[in-house]
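Numbering (this note's numbering), first residue to last: 336 to 656. We put the CB at the ideal spot given by N, CA and C, even for glycine. Source: prediction; values computed, not measured. To start, the structure under review is shown below, and the notes come after it.
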Amino acid sequence: MIAHNDIFAVVFPGQASQHIGMLSDLANSYHAIRDTFYEASEILNYDVWNLVQFGPISELNKTYYSQPAILTASVAIWKVWMQQIGKLPNVMAGHSLGEYSALVCSGSIDFLSAIKLVTTRSVLMQEISPDGYGAMSIIIGLSDDVVRELCQIVESIDDQIVAPAGFNTSDNIVISGHKAAVNHVNLLCKKAGAKYVTTLPISVPSHCSIMKKMVSRFQKIIENTVISSPKIPVINNVDVSIEQEPQFIRDSLIRQLYNPVRWNEIMQEFINKDIKIVLEMGPGKVLTRLIQRSVYSDSLFSLSINDVDSLSKAIQCIIRN
């Protein structure tokens, strides 16, 4: 019998967490890693493992390749977790693309269907936003109100789209839109006193109104995807709510395309649910660092699982608690 543990949540990262060599350490110890990448490669008709190990990074950073690669990595780590300890979290969440990983690991969407879905999603995204058309950047050190206002100013001046695409913490905001408009907001944010401004290694402007152009085509695909009620609750990005009805899950994934990720509120919801530990499963430590650098660090203990040592620490942490 698989045990639930009410004190911990599992989260899954989105794009920009990819890097060359990811999960190589885990793959040396656990067959489930390579096996999961093999499954993805069979459906995608290219060697996903070879790409994430050897690159080139310019290819891996392309949305078409990075989205299925990150999904595969997250699901592979989850499989190892279930083999090694088998404890289910109280709740799950995924950042942007990571929501698909959460739905797979919660039993709502099967892995191969999710691979097809995110690959189609990435193709449609790239079609409406060819290279050089859009951009995303991260801004640290300004409030969401200030960033929102600067985006509105640039939109009115430049007659282009740029808007907040993700609220990671109270002063960690992602913006998305036309490339020139994003660059303009970046400049204004630096002048306004932002501590850190950088463009993300993402080739499409996700979570802004530019993505509305792909909704009708994506809707046809997702309507034909089998989605079940999750066995583990998943907090979605757009409403910060838990949906059980498959049609509501489809709707939230569609709206996620052109609405911001409300990650800051999801962390608050974890606290409301008395979560004490957050385990990040995926390449990198993006979500773990967000918690550690936020006001939630006193309430949420976070660990990222991406190698043998971090897996061991996470298992011991859950066993002790």
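Return the CA-CA distance between residue i and residue j, expressed in angstroms with no decimal places.
i: Ile557; j: Glu600; result: 26 Å
i: Asn607; j: Ala527; result: 34 Å
i: Met336; j: Pro424; result: Note on Met336: pLDDT 37, under 50, position unreliable in the model; the coordinate value appears next. Between Met336 and Pro424, the C-alpha separation is close to 14 Å.
i: Ile412; j: Val532; result: 31 Å
i: Gln350; j: Lys514; result: 18 Å
i: Ile570; j: Leu622; result: 15 Å
i: Ile545; j: Val596; result: 15 Å
i: Val415; j: Val643; result: 10 Å
i: Ser511; j: Asn363; result: 38 Å
i: Thr560; j: Asp445; result: 10 Å
i: Ile281; j: Ala529; result: Within the shown structure, residues of the chain are numbered from 336 to 656, placing residue 281 beyond reach of any answer.
i: Gln651; j: Ser645; result: 10 Å
i: Pro391; j: His519; result: 30 Å
i: Arg369; j: Met417; result: 16 Å
i: Arg552; j: Pro499; result: 24 Å
i: Lys422; j: Gln487; result: 46 Å
i: Asp382; j: Thr371; result: 12 Å
i: Asn572; j: His366; result: 32 Å
i: Ile355; j: Lys648; result: 24 Å
i: Asn656; j: Gln579; result: 28 Å
i: Ser491; j: Glu484; result: 11 Å
i: Ile420; j: Val575; result: 28 Å
i: Arg628; j: Thr455; result: 34 Å
i: Tyr593; j: Ser464; result: 13 Å
i: Ala344; j: Glu374; result: 26 Å
So, does the CB of residue i fall closer than 8 Å to a CB anywhere in chain D?
i: Asn641; result: The structure shown contains no chain D, having only a single protein chain.
Report yes if the CB atom of residue i is closer than 8 Å to the CB atom of residue j, and no otherwise.
i: Val613; j: Val346; result: yes
i: Gln591; j: Glu434; result: yes
i: Ala449; j: Leu406; result: yes
i: Gln388; j: Ser409; result: no
i: Asp466; j: Ser393; result: no
i: Asn396; j: Pro536; result: yes
i: Pro618; j: Gln353; result: yes
i: Gly501; j: Trp598; result: yes
i: Ser637; j: Ile654; result: no
i: Thr534; j: Ser457; result: no
i: Ser478; j: Asn521; result: no
i: Val517; j: Ala470; result: yes
i: Val497; j: Val489; result: yes
Is residue i helix, strand or coil by DSSP?
i: Met357; result: coil
i: Thr455; result: helix
i: Gly433; result: helix
i: Ile342; result: strand
i: Thr371; result: helix
i: Ala500; result: strand
i: Val520; result: helix
i: Pro403; result: helix
i: Ala362; result: helix
i: Val481; result: helix
i: Ile378; result: helix
i: Asn396; result: coil
i: Val539; result: coil
i: Thr623; result: helix
i: Arg585; result: helix
i: Arg628; result: coil
i: Ser491; result: helix
i: Ala562; result: Here residue 562 is Ile; the residue named in the question, Ala, does not match the sequence. Looking at Ile562 - three-state DSSP - the assignment turns out to be coil, as it is neither helix nor strand.
i: Lys525; result: helix
Which residue wins for smallest C-alpha separation from residue i, given the options the options?
i: Ser431; options: Cys652, Leu588, Thr371; result: Leu588
i: Ala428; options: Ile610, Gln651, Ala649, Ser647; result: Ile610
i: Thr504; options: Lys397, Ser511, Glu615, Ser632; result: Ser632
i: Ile562; options: Ile473, Leu646, Ile577, Ile584; result: Ile584
i: Val439; options: Ile567, Tyr593, Lys620, Ser576; result: Ile567
i: Ser376; options: Ile420, Ser637, Val482, Lys451; result: Lys451
i: Ser436; options: Val489, Gln487, Ser647, Pro348; result: Pro348
i: Gly442; options: Phe343, Pro565, Gln402; result: Pro565
i: Asp480; options: Phe372, Pro540, Thr534, Asn507; result: Asn507
i: Met675; options: Tyr593, Ser634, Gln579, Met616; result: Residue 675 lies beyond the stretch modelled for the chain, which goes from 336 to 656, so this question has no answer here.
i: Gly476; options: Cys524, Val573, Phe553; result: Cys524
i: Asn380; options: Ala367, Leu625, Leu447, Lys648; result: Leu447
i: Gln582; options: Lys555, Phe605, Ile378; result: Lys555
i: Lys547; options: Ile420, Thr454, Met460, Tyr365; result: Met460
i: Lys620; options: Tyr373, Phe343, Met357; result: Met357
i: Leu361; options: Ala344, Thr454, Met616; result: Met616
i: Val453; options: Val426, Tyr400, Gln495; result: Tyr400
i: Val509; options: Cys543, Phe605, Ile342, Met549; result: Cys543
Let me check one thing: in DSSP terms, what residues is residue i bridge-paired to?
i: His513; result: Gly469
i: Ile475; result: Asn507, Tyr531
i: Val613; result: Ala344, Ser637
i: Val660; result: Because the chain in this structure spans residues 336 to 656, residue 660 falls outside the shown range and cannot be described.
i: Ile577; result: Ile570
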